[in-house]
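In my numbering, the protein residues as written are 364 to 623. Glycine residues also receive a C-beta, built at the ideal position from the N, C-alpha and C atoms. The structure displayed is predicted, hence computed values, not measured ones.
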Amino acid sequence: MTFVNSGEFMDDITTQLLKDSFIFSSIKLEAKVALSKGVQVVHLSQGKHLFEAGAVANRFYIVKSGEVCLYRYSPEGEEKVFQVLREGDTLAEAVMFMNPNVYPVSARAKEDTVVLSFSREVLLSFCNSCNEFSMQLLSAMATKLSQAVNRVDQLTLKGANQRLVSYLLDLHQQQGSDWMKLPVAHSVLAGQLNIAPETLSRLFKKLRQEEVISGKGGVVVMLDVEKMCNLVNLPNPYKLSCGTQTDSWGGCCNLNGHWI
Numbered sequence: 364m365t366f367v368n369s370g371e372f373m374d375d376i377t378t379q380l381l382k383d384s385f386i387f388s389s390i391k392l393e394a395k396v397a398l399s400k401g402v403q404v405v406h407l408s409q410g411k412h413l414f415e416a417g418a419v420a421n422r423f424y425i426v427k428s429g430e431v432c433l434y435r436y437s438p439e440g441e442e443k444v445f446q447v448l449r450e451g452d453t454l455a456e457a458v459m460f461m462n463p464n465v466y467p468v469s470a471r472a473k474e475d476t477v478v479l480s481f482s483r484e485v486l487l488s489f490c491n492s493c494n495e496f497s498m499q500l501l502s503a504m505a506t507k508l509s510q511a512v513n514r515v516d517q518l519t520l521k522g523a524n525q526r527l528v529s530y531l532l533d534l535h536q537q538q539g540s541d542w543m544k545l546p547v548a549h550s551v552l553a554g555q556l557n558i559a560p561e562t563l564s565r566l567f568k569k570l571r572q573e574e575v576i577s578g579k580g581g582v583v584v585m586l587d588v589e590k591m592c593n594l595v596n597l598p599n600p601y602k603l604s605c606g607t608q609t610d611s612w613g614g615c616c617n618l619n620g621h622w623i
């Protein structure tokens, strides 16, 4: 892990990341400057940890480039991947408010990665001094908590075929293309969806046979969203009156960029 001082900090990419981040997007320039006090640019080589579960959490992060895998081990010693984060995703912001403030998962670079590291102390101090910012942050985190409840619903109330289709629909929305790249290996995806790997393979095969998806390996091509939803008795999210997907796999303070 390599740290670089803030002289590398405010390039065009970083400025855009701050503009788009849910923490920074709604605040004035002076507030951005205040929250960026003591920022560090962290370079991680592939396989290196940003932090490990149980460590004291004094920093939160924005991914500038590369990929970060969030995971922890089950009681049986099996590694469980929660999310893979990419450019613009934030992580560990919610942990800054926990007591005790320890990371609940480990974060490891999937490839050479650069993250922006921000101070917990500065964030808490700014929340104490700016009520408007605190309310904005509470609102954003409340929304992610609601999304987390939806995800629990996905895992507990829906069948395996519905969980897979819901996941594909959400991925379709996130990537904005009918040609989608699965962000994790099939074995990891099976664990995330609480589906046995062999069952997941059969479900993918069934969807291909029904000609609602195509592709192979880590590539999935959406062919017929409406038919796919009908096959598993799910509503087509693109026909909802609100125009958004209400039962999403995203959220939980970062299954869609903000997991912890």
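Measure from the alpha carbon of residue i to the alpha carbon of each residue in the options, then state which is nearest.
i: GLU484; options: ARG422, GLN572, LYS391, LEU407; result: ARG422
i: ASN462; options: SER428, GLN446, VAL426, VAL419; result: VAL419
i: GLN499; options: SER388, LEU381, LYS382; result: SER388
i: THR377; options: ALA470, SER437, SER480, PRO467; result: SER480
i: TYR424; options: LEU381, GLU441, PHE489, LEU531; result: LEU381
i: ASN557; options: LEU566, LYS473, ALA523, GLY578; result: ALA523
i: GLU574; options: VAL582, LYS590, THR562; result: LYS590
i: GLY580; options: ASP587, TRP542, ASN599; result: TRP542
i: SER540; options: VAL588, LYS427, SER437, SER408; result: VAL588
Can you have a look at residue i and say buried or exposed, based on whether 16 or more other CB atoms are within 10 angstroms of its CB?
i: SER482; result: buried
i: LYS443; result: exposed
i: VAL631; result: Outside the shown range of the chain, which is 364 to 623, sits residue 631, and nothing can be said about it.
i: CYS605; result: Caution applies to CYS605, whose pLDDT of 42 falls short of 50 and renders its modelled position unreliable; the value that the coordinates give is listed next. Exposed, since its Cβ has fewer than 16 Cβ neighbours within 10 Å.
i: GLN446; result: buried
i: LYS568; result: exposed
i: GLU441; result: exposed
i: LEU501; result: exposed
So what's residue i in DSSP terms, helix, strand or just coil?
i: LEU556; result: coil
i: MET461; result: coil
i: GLN379; result: helix
i: TYR601; result: helix
i: ASP374; result: coil
i: LEU407; result: strand
i: LYS391; result: coil
i: ALA511; result: helix
If contacts are defined as beta-carbon pairs under 8 angstroms, then residue i and residue j qualify, I think. What distance do you get, rounded to the angstrom?
i: VAL405; j: VAL478; result: 5 angstroms
i: ARG471; j: HIS549; result: 20 angstroms between Cβ atoms; not a contact.
i: LEU392; j: PHE489; result: Incorrect: roughly 14 angstroms between the Cβ atoms, too far for contact.
Could you tell me the alpha carbon to alpha carbon distance between residue i and residue j, rounded to whole angstroms?
i: GLY509; j: ALA457; result: Reading the sequence as shown, one finds Ser at residue 509 and not Gly. Answer to the nearest angstrom: the Cα atoms are 14 angstroms apart.
i: SER492; j: GLN538; result: 38 angstroms
i: LEU527; j: GLU439; result: 25 angstroms
i: LEU534; j: PRO467; result: 25 angstroms
i: ALA416; j: VAL465; result: 7 angstroms
i: ALA455; j: GLY401; result: 17 angstroms
i: LYS473; j: GLY429; result: 8 angstroms
i: SER529; j: ARG449; result: 21 angstroms
i: LEU486; j: TYR434; result: 25 angstroms
i: GLY578; j: ILE386; result: 37 angstroms
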